[in-house]
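Right, one structure below, let's go through it.
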Amino acid sequence: MISLTSPVETRAHGWPAGAKLAALCLASTGLFLTDSLGLHLTALALVLVLYAAPGRVFFTAGMRHLRVVLPFVALLAIWHLITAELHAGVLIVLRMVVLVALANLVTMTTRLSEMTDLVHRLTAPLRRLGLPVHLLETAIPLVIRFIPVLVARAETLAEAWRARSRRRPGWRLIFPLMLHALDEADHVGEALRARGGPLGHTRPE
Amino acid sequence: MERDLARIALFAALIAALGLVPQITLGFGVPITAQTLGVMLAGAVLGAWRGAAAAGLLLLLVALGLPLLSGGRGGLGVFVGPTAGFALGFPVAAFATGLFVEHVRLRSAGLTAGLGAVFGGILILYLLGATGLSIVIDKPLAEAFRLVAVFIPGDLLKAVITGLLVQALAQARPQALDWYRGGAAAGARRL
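Top line first, the protein sequences correspond to chains A and B.
Residue numbering for the first sequence follows our numbering, starting at 28 and increasing by one per position.
Residue numbering for the second sequence follows our numbering, starting at 80 and increasing by one per position.
Laid out in structure tokens, this is it:
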């Protein structure tokens with residue numbers, strides 16, 4: 028499973044994940060509180076500089092992640108051209124693009140291991156309240172491990188289908204895939220029990 | 080307890096796999112990914128709490144930076160973008176679907192699951208999704224709802240498929256459905 032973290036090593040890769048997340052929250056809240064067009068344009072320019080600073084590879088990768096908001100940008104542009112509220116339209120589009128771009132920037136410069144560490148630290152208060160958050164430490168790797176297994180299984184099922192039929196498999200593959208997931212869950216459950224249960228059960232906190 | 084944890088993790092992986100495997104797209108001219116079908120299934124098969132946990136676990140992994148949403152989307156940007164309401168609505172939708180199947184008693188497991196999917200995976204999910212969209216694009220809720228309403232027919236189809244799949248599951252593995260009364264009886268008979 029390939030994370031969205033950028034392989035291009037930037038200076039921001041070394042910054043603490045918690046600080047980046049806090050800065051993201053502050054910046055996002057700030058943008059929602061202001062209606063000034065100038066501030067939004069400054070924010071956009073700043074974000075573009077941040078994306079461009081580590082080089083071209085990083086910039087193109089970042090822009091590719093931003094493509095998902097394009098349909099909404101187009102939609103809002105048409106909408107506000109029709110209603111002739113251009114100022115409001117530009118503001119909404121800028122805010123949306125800058126918010127998503129900033130959030131993606133944090134994801135692109137933070138490794139998966141640092142993010143999981145952050146989750147560990149952020150859930151510590153819940154742990155003290157007695158919530159079973161330690162189960163996450165078993166569940167997260169399990170999901171990451173089993174996504175490629177299930178994807179491979181789905182592809183095998185699709186191949187078997189194609190060997191026998193000329194029609195597209197579509198939703199008919201889901202039932203055997205779901206049965207496989209349920210059976211696999213029983214095996215994993217037994218294997219976990221045999222090995223003394225999920226992680227962090229007996230570990231002193 | 081270990082079995083529940085494993086089922087939650089495997090269903091989180093299943094929701095992701097349904098959004099990633101191109102062969103499973105439901106095509107009627109326009110390809111529709113099966114990701115929300117996975118959310119409906121999580122609620123309908125695992126029940127309210129475990130279904131919500133599976134969808135929530137998937138969202139956590141997306142927030143950590145894995146591209147697990149349909150179309151390879153992922154990262155923190157998902158939670159501030161225009162479709163944030165739908166993403167954040169996944170656990171709620173699975174919970175509502177599970178709540179429905181656990182409390183509404185109908186003769187057929189498939190019908191219960193299908194109606195549960197309409198309630199949780201469509202009614203509740205679109206309510207949250209449209210609310211999120213209306214906040215991000217700063218438009219009234221009714222307008223936001225009109226924009227997302229084009230996807231409702233595809234999701235109705237997914238609710239029907241959820242019903243068919245759960246009906247088949249009730250026959251093949253009745254013990255896998257904790258809420259299904261016929262399942263408990265069949266399990267007891269086998270013992």
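Glycine included, C-beta positions come from ideal geometry on N, C-alpha and C.
Predicted, not measured: the structure shown is a model, and the values here were computed from it.
8 Å Cβ shell around residue i - same chain, five flanking residues per side excluded
i, result
"alanine 316(A)", "With chain A covering only 28 through 232, there is no way to say anything about residue 316(A)."
"leucine 118(A)", "Asp62, Leu64 and His67"
"glycine 126(B)", "Gly177, Val180, Glu181, Asp257 and Trp258"
"leucine 270(B)", "At leucine 270(B), the pLDDT of 45 sits below 50, so the modelled position is not reliable and the matter cannot be decided from this model."
"leucine 136(B)", "Ile87, Ala88 and Ala91"
"tryptophan 128(B)", "Phe174 and Gly177"
Simplified DSSP assignment, three categories, for residue i
i, result
"leucine 89(B)", "helix"
"leucine 226(A)", "coil"
"arginine 152(B)", "strand"
"isoleucine 103(B)", "helix"
"isoleucine 111(B)", "strand"
"methionine 80(B)", "coil"
"threonine 37(A)", "coil"
"glycine 82(A)", "coil"
"arginine 252(B)", "coil"
"glycine 290(B)", "This structure does not reach residue 290(B), given that chain B is present from 80 up to 270, and the question cannot be answered."
"leucine 58(A)", "helix"
"glutamate 112(A)", "coil"
"arginine 191(A)", "helix"
"leucine 77(A)", "helix"
"leucine 136(B)", "helix"
"glycine 122(B)", "helix"
"valine 145(B)", "As written in the sequence, residue 145(B) is leucine, which differs from the valine given in the question. It is coil, neither helix nor strand."
Own chain residues within Cβ distance below 7 Å of residue i, not counting five before or after
i, result
"serine 149(B)", "Gly98, Thr112 and Gln114"
"glutamate 141(A)", "Ala44"
"valine 118(B)", "Ile94, Ala134, Phe169, Ala172, Ala173 and Gly200"
"leucine 190(B)", "Gly242"
"valine 208(A)", "For the sequence presented, residue 208(A) should be read as alanine rather than valine. Cβ neighbours of alanine 208(A) beyond the five flanking positions: Leu177."
"serine 187(B)", "Gln246"
6 Å CB neighbourhood of residue i in its chain, flanking five on each side removed
i, result
"arginine 220(A)", "none"
"alanine 166(B)", "Val157"
"leucine 31(A)", "Thr134"
"threonine 150(A)", "Val160"
"leucine 162(A)", "Pro225"
Closest Cα partner of residue i within the set the options
i, options, result
"threonine 134(A)", "Glu222(B), Leu145(B), Val183(B) and Ala131(B)", "Leu145(B)"
"leucine 129(A)", "Pro225(A), Pro34(A), Glu211(A) and Ala72(A)", "Ala72(A)"
"leucine 235(B)", "Ile214(B), Lys218(B), Leu116(B) and Leu244(B)", "Leu116(B)"
"valine 35(A)", "Ala50(A), Ala49(A), Leu75(A) and Arg83(A)", "Arg83(A)"
"glutamine 246(B)", "Ala190(A), Phe202(A) and Ala187(A)", "Phe202(A)"
"leucine 92(A)", "Ala187(A), Ser33(A) and Pro168(A)", "A small correction: the amino acid at residue 92(A) is histidine; leucine does not occupy that position in the sequence shown. It is Ser33(A)."
Inter-stretch contact at 8 Å, needing at least 3 Cβ pairs: the region 208-217 of chain B / the region 186-200 of chain B: no
Residue ranges of each alpha helix (DSSP H) within the region 153-220 of chain B, 4 or longer: 163-182, 188-196 and 204-215
Ranges of the alpha helix (DSSP H) found wholly within the region 122-181 of chain A, counting only runs of at least 4: 139-149 and 151-155
At least three beta-carbon pairs within less than 8 Å, the region 240-260 of chain B to the region 210-229 of chain B: no
Cβ contact check for the region 110-127 of chain A and the region 87-101 of chain A: 3 or more pairs under 8 Å: yes
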